[in-house]
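Participant: First residue of the sequence shown? That's -1 in this note's numbering, and the numbers climb one at a time after it.
C-beta atoms are modelled at their ideal positions from N, C-alpha and C, and glycine is treated no differently.
As the structure is a prediction and not an experimental result, all values here were calculated from the model.
Submitted below is the structure of interest, expressed as structure tokens.
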Amino acid sequence: MRVLALIGTILLALGLTSGVAAGAASGHHTGLLPDGATWVADVPASWNGTTILYSHGFGPLAAQDAPDDETRTALLGSGYALVGSSYSGPSWWALASAVDDQFGALAAAGRLTGRPRRTIAWGTSMGGLVSAREAEDAGHRLDGVLSTCGLVAGALNLNNYQLDGEYALAHLLAPGQDVKLVRFASPDEASASAAALTKIATDAQGTPAGRARIALAAALMNEPGWFTGPTPPADYAGQEVQQQQELSQFVLGFVVTGRYQVELAAGGNSAFTAGVDYRALLTGSSHARQVRSLYRSAGLDLDADLATLTRDAGIRPDPQAVRTLARTSTATGRLRVPALDVHTTADQLVPVEQEDWYGEQVRRAGAGALLRQAYVGATGHCAFHPAETIAALHALESRIGTGRWGDAAEPGRLNEAAGGTGRFVRFDPPSLTGARR
């Protein structure tokens, strides 16, 4: 008996057991990975054999194993083990290390619980991009991936369309003001630019011309015309009001300061305006009719503004930064396991248009049968009810268990699985404006 117990201990330490009851390993665990990242795991006493590898979003490098406390409690109560790492950096944009750190955390948790019967990667926001990349490097470690509000179009697209909108704000509304948009030397420099752009967008709201140009910048940034309220405004003017509120109250302060973190990780600026045809960009935007209408109401020449943006565009990328983000922070679409993406229809930080770009990448890679995308008819970044994301998790589990999607990821089934409280809708996301890959 002592020999058998010793063998069991050795197998557990090596992570070679399968379907081990986790009673002895239950509780809250933390640890340190070789590269300095921390990890955290929560294991219920009655483990159901499934481990969820959770990837957190952009922000401080602190280990998390669930998107929020309510979801964590529900998952643990249903028997799931949860694990996640902090990532090791070097900045909050930690894509260079995140996938390895996450798999390192998974291995560390496996040494406590034994080998899971099933492992699902789940990421939110930037973590959704982490999970998308994990799905391309799953090996035998993952059975499926859930991405919620995921930044699945990657850093190169993100940096480009955000820069397009920021450039339009600065150049059309404050042409005499020297607002730095890229290559920030410090967090303070980025914060100063964010404050300057926020003031520009706030001051311009007072005139019809200012509102028209704000709508143009918002269109280039893929900003939805729905920020608050139970339903989106029906008229173009009302949509612009909400876009201006998004930009001035939330988005600019976040994304401009965030650019410093991305540049720090990339070793330079990956975005560009030089050579961009801004008339063509707007033509491809789902907000083009709104912009044209507001320009007509303001008595402004839209063609002249677009020509000015195209003529004066001069920001060029740093090639090494482009290569770094292409390697670390871009999804190829070459899925190796089933994946379910969930997005709100109006997301201010990670536009739902990213799903259109990502879906096309997956189809081009020949992996379309593995991907399903579902949409919650709501406004806000990651603004899901816990029941909605857990319903999506169960849909993914159905696909893993049966080998087919069936109608598991259809709105009706997801709403039913969410206890009748789900807000899933049929939705076809528009094309991502500013996507240059």
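1. So, helix, strand or coil for Gly82, using DSSP?
2. Which of helix, strand or coil does DSSP assign to Trp403?
3. Could you tell me how far apart the beta carbons of Gly148 and Asp354 are, in whole angstroms, since I believe they sit closer than 8 Å?
4. Cα separation between Ala215 and Asp162?
5. For Ala119, collect the residues of the same chain with a Cβ closer than 6 Å to its Cβ; drop the 5 residues on either side in sequence, then sort them by chain order.
6. Short of 7 Å in beta carbon distance, which residues of its chain neighbour Thr465, apart from the five on each side in sequence? Order them along the chain.
7. Can you look up Asp442 in the DSSP assignment and give me helix, strand or coil?
8. According to DSSP, simplified to helix, strand and coil, what is His27?
9. The beta strand (DSSP E) with Asp40 in it runs from where to where?
10. The beta strand (DSSP E) that contains Trp355, what's its start and end?
11. Would you kindly work out how many angstroms separate the C-alpha atoms of His169 and Leu307, rounded to a whole number?
12. Decide if Asp135 is buried, meaning its Cβ has at least 16 other Cβ atoms within 10 Å, or exposed.
13. Taking DSSP as the reference, what is the three-state secondary structure of Val348?
14. For Phe252, which of Gln160, Ala210, His285, Arg309 has the nearest alpha-carbon?
15. Using a 10 Å radius around the Cβ and a threshold of 16 neighbouring Cβ atoms, would you call Gln352 buried or exposed?
16. Given that a residue counts as buried once 16 or more other Cβ atoms are within 10 Å of its Cβ, and exposed if not, what is Ala438?
17. Do three or more CB pairs link the region 288 to 305 to the region 328 to 344 at distances below 8 Å?
18. Just the C-alpha distance for Leu73 and Ser429, rounded to the nearest angstrom, thanks.
19. Give a yes or no on contact between the region 172 to 187 and the region 378 to 392, applying the rule of three or more CB pairs nearer than 8 Å.
20. Taking the C-alpha atoms as reference points, what is the distance between Ser86 and Phe56?
21. Determine the closest residue to Ala365 out of Gln240, Ala337, Gly121, with distance taken between C-alpha atoms.
22. Suppose the cutoff is 7 Å on Cβ atoms and the five residues either side in sequence are ignored; what does the same chain contact list for Ile5 look like?
23. Considering only residues of the same chain and omitting the five flanking positions on each side of Ala34, which have a CB-CB separation below 7 Å?
24. When you compare each of Asp426, Thr49, Leu154, Gly47 to Asn267 by their alpha carbons, which one comes out closest?
25. Between the C-alpha atoms of Ala390 and Thr111, what's the straight-line distance to the nearest angstrom?
26. Please classify His285 as buried or exposed, where buried requires at least 16 neighbouring CB atoms within 10 angstroms.
27. Need the endpoints of the alpha helix (DSSP H) that Ala193 sits in, please.
28. Residues in its own chain within less than 7 Å of Arg370 by CB, not counting five upstream and five downstream?
Facilitator: On the basis of the coordinates in this document:
1. strand
2. coil
3. Gly148 to Asp354, Cβ: 13 Å. No contact.
4. 7 Å
5. Leu51, Ser129, Glu132, Leu140, Val143
6. Past the boundaries of the shown model lies residue 465; the chain is included only from -1 to 435, so the question cannot be answered.
7. Limits of the chain in this structure are -1 at one end and 435 at the other, which puts residue 442 out of reach.
8. strand
9. Element bounds for Asp40: 36 to 41.
10. That residue, Trp355, is in no beta strand (DSSP E); its alpha helix (DSSP H) goes 351 to 362.
11. 7 Å
12. exposed
13. coil
14. Gln160
15. buried
16. Residue 438 lies beyond the stretch modelled for the chain, which goes from -1 to 435, so this question has no answer here.
17. no
18. If I take the Cα positions, the gap works out to 35 Å.
19. no
20. When only Cα atoms are considered, Ser86 and Phe56 end up about 13 Å apart.
21. Ala337
22. For Ile5, the pLDDT reaches just 32, beneath the cut-off of 50, and the residue's location in the model is therefore unreliable, although a value from the coordinates is still provided. Around Ile5: no qualifying Cβ.
23. The amino acid at residue 34 is misidentified as Ala; the sequence shows Gly. Excluding positions up to five away in sequence, the list reads Ser86.
24. When only C-alpha atoms are compared, the closest one is Leu154.
25. 25 Å
26. buried
27. 185 to 202 is the span of the alpha helix (DSSP H), which, as asked, contains Ala193.
28. Leu338, Trp403, Ala407
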